[in-house]
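Everything on this sheet refers to the single structure shown next.
Numbering (the numbering used here), first residue to last: 53 to 308.
Have a look at this one:
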């Protein structure tokens with residue numbers, strides 16, 4: 053099974069055909085998308101158009117104060133349960149359960165707070181506790197806007213203007229890694245450390261402004277049974293993805 057996660061930047065705009073091409077070429081079985089601006093309007097018409105173009109089934113979670121997120125699945129996978137979470141999050145989370153040959157898989161597409169390290173940490177703690185299932189197959193995927201606790205990010209963050217650097221610092225000025233640490237404390241594995249290839253940086257792209265340092269903000273976080281089945285994780289970095297969004301897509305394969 054192949055999974056792809058991607059923040060497509062403000063609904064894709066006129067970049068949406070390129071986004072569809074990238075996803076179609078990757079042929080993922082499950083896709084989690086963030087920043088689906090406008091996709092909930094007009095009865096979800098834009099979401100239906102995207103799902104039809106990709107030949108996938110989509111589940112959208114609108115946001116109360118920011119941008120929607122979604123999960124899409126390709127046959128023979130089918131969504132048997134779904135949920136939407138917005139009231140505890142700056143953006144939203146879309147949750148689906150799909151049957152697989154090794155058991156039901158829960159997939160959570162999420163976009164954590166981009167502005168406040170403290171609120172981002174609170175969101176992560178809540179999500180990690182809610183979806184921690186040691187004996188189940190669980191994947192939390194998306195734009196976490198947080199830093200890997202295993203890395204040293206001081207040099208990378210020093211390249212940012214002060215306004216954007218503050219988004220990634222604790223109150224005492226250290227790189228803030230609490231959001232990702234919260235998932236790890238609940239037993240989730242950052243799959244980059246077990247199956248990743250390359251430097252893992254998902255920002256910036258040619259589409260990005262000055263708000264990003266060369267770091268990894270997009271993650272695939274798996275519970276123990278699913279983490280053991282992860283085989284290959286990579287950032288899709290080429291000329292097309294460099295201009296399709298301000299984030300690069302992240303792709304992983306699983307033995308399911």
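Backbone N, C-alpha and C fix where the C-beta goes; we use that ideal spot for every residue, glycine too.
For clarity, every value in this text was computed on a predicted model and none was experimentally measured.
If you ignore the 5 residues before and after residue 292, its C-beta comes within less than 7 Å of the C-beta of 70, 73 and 74, all in its own chain and listed in chain order.
Under the DSSP assignment, residue 245 falls in the alpha helix (DSSP H) whose first and last residues are 244-247.
Taking residue 99 as the centre and dropping the five residues before and after it, the same chain places the C-beta of 91, 110 and 112 closer than 6 Å to its C-beta, in chain order.
Counting along the chain, residue 192 sits inside the beta strand (DSSP E) bounded by residues 189-195. Exclusion of the five residues before and after residue 119 leaves 87, 89 and 143 as the residues of its chain whose Cβ lies within less than 6 Å of its Cβ.
DSSP lists no beta-bridge partner residue for residue 78. Rounded to the nearest angstrom, the Cβ distance from residue 236 to residue 169 is 17 Å, too far for a contact under 8 Å. With a cut-off of 8 Å on Cβ pairs, the region 140-156 is not in contact with the region 294-302, counting fewer than three such pairs.
In the DSSP assignment, residue 178 falls within the alpha helix (DSSP H) that extends over 169-183. As computed with DSSP, residue 134 is found in a beta bridge with 148. About 7 Å separates the Cβ atoms of residue 55 and residue 193, confirming a contact at the 8 Å cut-off.
Comparing alpha-carbon positions, the option among 138, 158 and 114 lying closest to residue 129 turns out to be 158.
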